[in-house]
Structure formats: C-alpha cells, structure tokens
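Heads up, the thing below is written out as structure tokens.
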Amino acid sequence: MEKTGKIAVITDSCCDLPQEYFKDYPIFCVPLVVASGTTSYRDNVDITVEEVYRRQKNENFKTSLPFAQDVNDTLDAVAREGYTQVIVLVIAECLSGEANVFRLAAEERKDLEIAVFDTKNASLGEGIVAMQVAEYAKNGMSFEKLKRIIPRLVNETTALFSLDTLEYLRRGGRIGRVTAMAGTLLQIKPILTFDHKDGIISTVAKVRGRRAVQTELIRIVTNLAEEHKGQPYNLIFCDGGVPEEEAALEKTITGMLPDARHIIRGKIDATLAVHLGPNLLGAGIQFLEEF
Numbered sequence: 051m052e053k054t055g056k057i058a059v060i061t062d063s064c065c066d067l068p069q070e071y072f073k074d075y076p077i078f079c080v081p082l083v084v085a086s087g088t089t090s091y092r093d094n095v096d097i098t099v100e101e102v103y104r105r106q107k108n109e110n111f112k113t114s115l116p117f118a119q120d121v122n123d124t125l126d127a128v129a130r131e132g133y134t135q136v137i138v139l140v141i142a143e144c145l146s147g148e149a150n151v152f153r154l155a156a157e158e159r160k161d162l163e164i165a166v167f168d169t170k171n172a173s174l175g176e177g178i179v180a181m182q183v184a185e186y187a188k189n190g191m192s193f194e195k196l197k198r199i200i201p202r203l204v205n206e207t208t209a210l211f212s213l214d215t216l217e218y219l220r221r222g223g224r225i226g227r228v229t230a231m232a233g234t235l236l237q238i239k240p241i242l243t244f245d246h247k248d249g250i251i252s253t254v255a256k257v258r259g260r261r262a263v264q265t266e267l268i269r270i271v272t273n274l275a276e277e278h279k280g281q282p283y284n285l286i287f288c289d290g291g292v293p294e295e296e297a298a299l300e301k302t303i304t305g306m307l308p309d310a311r312h313i314i315r316g317k318i319d320a321t322l323a324v325h326l327g328p329n330l331l332g333a334g335i336q337f338l339e340e341f
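Counting from 51, one number per residue, gives the positions in the sequence shown under the numbering used here.
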C-alpha cells in the first residue's frame, strides 16, 4: 500500500510562474542567485529582471546556486505548514548544480520525504511542470504515483523561445563569437528549445528577421498539437520585455488551440535574463495523460 502524506512542490525562481500560482497551489520557490563583481543578489528578491536589463550592457552578470540558507529556510517552511512529502523540480541540471544542492539537503532531513527531479527545462517550461504536479497533488494523487509520472510529464513539455541577440549567450560561453556575430549581421533569429534528453539548449529552426519569429513559433506549437491530436494540453507564453508581442502571439495560438486546460503567461526572471538578454519571446505546449 502506497504511503500517503501532505505533498508540497518546491521549484526555483527560474520557473517564471506568476505569483498567483504560489497562492493557489502548494508550490514553494527558492531564489537563484545573480552576481555582479563581489555582490550577490537573490533573483526576484534583491534584484529584478528590469534592473538586469538596465545594467547588463555595462556589467558582466553571472549566476550561481541558491544560498544554502534559502534552501533550508524553504524546507523549514514546508515542514511548518504540515507537509511531509516534497517533490523538487529544478532548472535543467546541465545548466545548474541546483538539483545536487537539494539532494544533499534531503539527506539531512528526517522530517520530510524528498524526491528531486530535473525538469530538463527552464522558465515556464519548468514552471508548467511544477504547476501540473502541484495540481495533481492537490487533487489527491499519491507521492509514489507522482514520482512515476513526472519523467513522462517532463518529456511531454516543450518550451520554445527566440532571442533578439545572441550576444549574451556568447558571453556565457553557450555559443561561439563567430556564430553570434553572423546571427547579428544576417538578422538570423534561431528558435531555441531545451532538449528532452538532457536539457541542453538546441536550435529547432532559424528565421530571418524578428517578424518571422511569431510565425515560426505558431507553426511549431500548432504542429505539435496536431501530432498529439485528441490529447489534453496546457499552453505557456513568456516574454523578456516585449509584452505586446507576447499578447499577439498568445491571441493567435489560443485562437487556433482553444481547448487548453491551463494557459500560463509570465515574464523572464533575472537569472535567465543574464544569459539570454532582453526582448525574448517564447511559447510552448505540454501534453497530459488522463489519470
């Protein structure tokens, strides 16, 4: 017989979920860290994404793991609220060592049963997994069943995004200088995603000019929906300082795909802004199984 308990979900500030989801669902958030020089800031606590955009032209920001104190404080808060079982869903492990921080913390906790998962994603690709798992938990799904279905849910979540410039990815060592320069000179806009195998950022398409970005995002998302015809789905939309473009993209896709169970819209966090820069536009889809 499966052990039952009160289940919480912990994710990080890279999930980009709007604040209402932390009120409506048993979701707790640990801030990642953004640093400039010798000063460290907790994402969305000590620094905002708008401040990163303003300063990053002249400063070289870096990102790092959450503070151990924040991890422990979050676990303490979970325990105080009566939760006994915890699902931790974090940014892709190929981008951060955060999952190991939680695994080490889990070994020290005797009051909580903790399972840590790599979402192989970031932004709302990570956030929609956290939200859906929290909804399943809220509706009574057991801890053991959640652990079984999470890998499938991760694999059925696709987040896509395009950048105005590749310069910030180059600064972080994600792409080469020549590639970044070529993309800028030719106005090539890659459509990027997080690979389902390991979460590495990969290119799924390339278009020329910013106007073509929306068309390509619409094409990819609707094609995925057609491939999974009849399967329930959630939709996600995200932007990095271009809310009008996000609104137009959302209107078109939701008009073509009107039956989403959840539509989540968010803005990029400070951590991702360090690596991706401003003017990001993103969309995605998550397919669900009936339980």
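For each residue, glycine too, the CB sits at the ideal point set by N, CA and C.
- Counting only runs of at least 3 residues, the region 143-184 fully encloses the following beta strand (DSSP E) elements, listed from N- to C-terminal order: 163-168.
- If you look at Ala310, you'll find it isn't in any alpha helix (DSSP H); DSSP assigns it neither H nor E.
- In the DSSP assignment, Gln237 forms no beta bridge with any residue.
- Pairing Gln182 with His312 gives a Cβ-Cβ distance under 9 Å.
- Counting along the chain, Gln106 sits inside no alpha helix (DSSP H), nor does DSSP assign it H or E at all.
- In the displayed model, Ile270 falls within a helix according to three-state DSSP.
- Secondary structure of Asn122 (DSSP, three-state): helix.
- Under a 10 Å Cβ-count criterion, Gln135 is classified as buried, with 16 or more other Cβ atoms of the shown protein chains found around its own Cβ.
- With distances taken between CA atoms, Asn171 lies nearest to Ile251 out of Arg258, Thr113, Tyr103, Ile251.
- Annotation: the continuous alpha helix (DSSP H) that includes Lys195 extends over 193-205.
- Contact between Ile200 and Phe167 holds: their C-beta atoms lie close to 5 Å from each other, under 8 Å.
- The beta-bridge partner set that DSSP reports for Leu285 consists of Ile313, Ile335.
- When the Cα atoms are used, Pro240 and Arg260 turn out to be separated by approximately 10 Å.
- By the neighbour-count definition (other C-beta atoms within 10 Å, threshold 16), Pro293 is an exposed residue.
- It is roughly 17 Å from the alpha-carbon of Val271 to the alpha-carbon of Gly316.
- With contact defined as three or more Cβ pairs closer than 8 Å, the region 286-303 and the region 76-83 are not in contact.
- Straight-line measurement puts the Cα of Lys107 at about 37 Å from the Cα of Ile137.
- Arg130 sits in a helix when the DSSP states are folded into three classes.
- Per DSSP, Val80 is one residue of the beta strand (DSSP E) stretching across 77-80.
- Of the residues Arg198, Arg269, Cys288, the one whose Cα lies closest to the Cα of Ile314 is Cys288.
- The three-state secondary structure of Phe211, taken from DSSP, is strand.
- Judged by their CB atoms, Ala165 and Phe211 are not nearer to each other than the 9 Å cut-off.
- When the Cα atoms are used, Glu185 and Asp214 turn out to be separated by approximately 34 Å.
- Check the Cα spacing between Pro308 and each of Gly291, Ser90, Ile335, Thr208: the tightest is with Ile335.
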